[in-house]
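As structure tokens, the structure follows; a few thoughts come after it.
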Amino acid sequence: MSSGARAIDSPQNANAKKWLALTESRGIRKHGAFILSGRKTVPEALARHPNRFTAALARTESDLNRLALPPSVERYVLAKPVFEALDTNGTGFPLLVGEVPEMAAADFSAAPKGFELVLALGDPSNLGAALRSAAAFGATRVVLMEGAAHPFHP
Numbered sequence: 000m001s002s003g004a005r006a007i008d009s010p011q012n013a014n015a016k017k018w019l020a021l022t023e024s025r026g027i028r029k030h031g032a033f034i035l036s037g038r039k040t041v042p043e044a045l046a047r048h049p050n051r052f053t054a055a056l057a058r059t060e061s062d063l064n065r066l067a068l069p070p071s072v073e074r075y076v077l078a079k080p081v082f083e084a085l086d087t088n089g090t091g092f093p094l095l096v097g098e099v100p101e102m103a104a105a106d107f108s109a110a111p112k113g114f115e116l117v118l119a120l121g122d123p124s125n126l127g128a129a130l131r132s133a134a135a136f137g138a139t140r141v142v143l144m145e146g147a148a149h150p151f152h153p
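So that you can map any letter, position 1 of the sequence shown is 0 in numbering that gives the first Met the number 0, and since no number is skipped, the others follow by simple counting.
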């Protein structure tokens, strides 16, 4: 592979095992990393936060070449079964592996500033919909309660 992409053919590969763990909240917490997917989301995230990502995963090298990847992002071409296990939303588009940013504990002693939302949604799909709505309505802050799904769940 001319671009330096590494091939991973087995789900028993150490990287593949770690990435598979990132499909669940427990694995995200354990490794401090997440998988990002989506035809629109991946390019937007690379443009806005290129240094947050450590790896790009795809089925083919040409898929990787279509992304504006910084040199610091490792490139991986995965066998179909490995990629499909990681692509939990079935996008078929390259995936990014990123580091979960630090999230400060909520301080409820300060007065709210604008539209602030407190959520305790345990279903990742419902939480995702609520977070997208919060962004669309201009929420200034979202606080996730202890029982909420992990915000970086795929």
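Beta carbons are placed, not taken as given, at the ideal position from N, Cα and C, and that holds for glycine.
Does the beta-carbon distance from residue i to residue j come in below 8 Å?
i	j	result
A119	A147	yes
V41	T59	no
L19	L45	no
A15	E98	no
Can you grab the Cα-Cα spacing for the pair residue i / residue j, in whole Å?
i	j	result
D122	P150	10 Å
A13	S71	20 Å
V141	A109	14 Å
G3	P49	19 Å
E73	P10	18 Å
T22	F114	31 Å
P80	S24	22 Å
A105	K17	30 Å
A129	M144	14 Å
R65	E43	13 Å
S124	R131	11 Å
R51	L63	17 Å
R5	S61	13 Å
A135	F82	31 Å
I27	P111	30 Å
S1	F107	Low local confidence applies: a pLDDT of 45 at S1 is under 50, so the model's placement there is unreliable, with the coordinate-based value given in what follows. Each residue's Cα considered, the two are about 53 Å apart.
If contacts are defined as beta-carbon pairs under 8 Å, then residue i and residue j qualify, I think. What distance do you get, rounded to the angstrom?
i	j	result
P153	T90	The pair is not a contact, with the Cβ atoms about 10 Å apart (cut-off 8 Å).
L116	A133	5 Å
A78	I7	7 Å
Entirely enclosed beta strand (DSSP E) segments - the stretch 2 to 44, minimum 3 residues: Within the stretch 2 to 44, the complete beta strand (DSSP E) runs of at least 3 residues are 5 to 7 and 32 to 35.
At least three beta-carbon pairs within less than 8 Å, the stretch 55 to 62 to the stretch 81 to 98: The stretch 55 to 62, when compared against the stretch 81 to 98, does touch it at the 8 Å Cβ threshold.
Contiguous alpha helix (DSSP H) assignments of at least 4 residues, all confined to the stretch 71 to 116: Along the length of the stretch 71 to 116, whole alpha helix (DSSP H) runs at least 4 residues long occupy 79 to 85, reported in chain order.
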